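Residues in the sequence shown are numbered from 7 upward in steps of one, following this note's numbering.
Backbone N, C-alpha and C fix where the C-beta goes; we use that ideal spot for every residue, glycine too.
Remember, it's a predicted structure, so these values are computed and weren't measured experimentally.
Some notes on the structure that comes next.
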Amino acid sequence: MKTTFLLFLFPLLIKEYTSCKAPNSTKTRIEYLTTSVWMYDEYYIDGTLAYKRGRPNNTLDLSLNRVKFNADGTVEEISEEGEQIPGIWKFANNEKETIVTNYGGVYRSTILRLNTNKFEWRDMATNRVAKMIPFIESRTAYNH
């Protein structure tokens with residue numbers, strides 16, 4: 007009787023143990039993209055470093071720029087002048103590219119790297135590469 011009970015109980019215990027494990031923590035590309043407000047860390051034009059966060063004498067000043075991709079397909083950008091630029095975005099090419107549309111035009115970029123700490127992309131039409139990181143208020147203190 008005890009053996010039958012244990013044979014019945016063992017599979018239930020195994021099922022409970024495996025169901026209590028932490029779920030797979032791998033995020034989707036949309037989760038990586040929409041979780042953070044992104045800021046520029048580096049920006050290249052034709053292979054030349056035009057902006058590096060914290061570096062004096064940059065060719066461009068992108069210290070004010072921020073980009074927030076939302077899961078509903080909207081995007082909110084703050085330009086280098088501090089102007090708010092609303093738009094829409096979507097993935098293309100099996101989530102290997104983004105297409106952003108705003109009043110300035112349509113911008114298609116190839117995603118080079120996307121994870122919790124980095125969003126790197128290349129705009130083939132303009133030969134520009136950006137390396138973005140999540141915005142954290144304290145990171146920008148020495149830029150101003």
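Whole beta strand (DSSP E) runs in the segment 116-149 with 3 or more residues, listed along the chain? 125-129, 134-140
Tell me whether valine 53 is buried or exposed, calling it buried when 16 or more other Cβ atoms sit within 10 Å of its Cβ. The residue asked about is misnamed: residue 53 is glycine in this sequence, not valine. With fewer than 16 other Cβ atoms within 10 Å, it is exposed.
Can you give, in chain order, each stretch of the beta strand (DSSP E) that sits fully within the segment 24-97 and has at least 3 residues? Within the segment 24-97, the runs of beta strand (DSSP E) that reach at least 3 residues and sit entirely inside it are, in chain order, 43-51, 54-58, 72-75, 80-84.
Take isoleucine 94 and list the residues in its own chain whose beta-carbon comes closer than 7 Å to its own, dropping the five residues that flank it on each side. If we look at isoleucine 94 and ignore the five residues flanking it on each side, its Cβ neighbours are Gly79, Thr80, Val81, Thr107.
Does asparagine 71 pass the burial test, meaning 16 or more other C-beta atoms within 10 Å, or should it be called exposed? Buried, because 16 or more other Cβ atoms sit within 10 Å of the Cβ of asparagine 71.
Helix, strand or coil, according to DSSP, for tyrosine 109 in the structure here? coil
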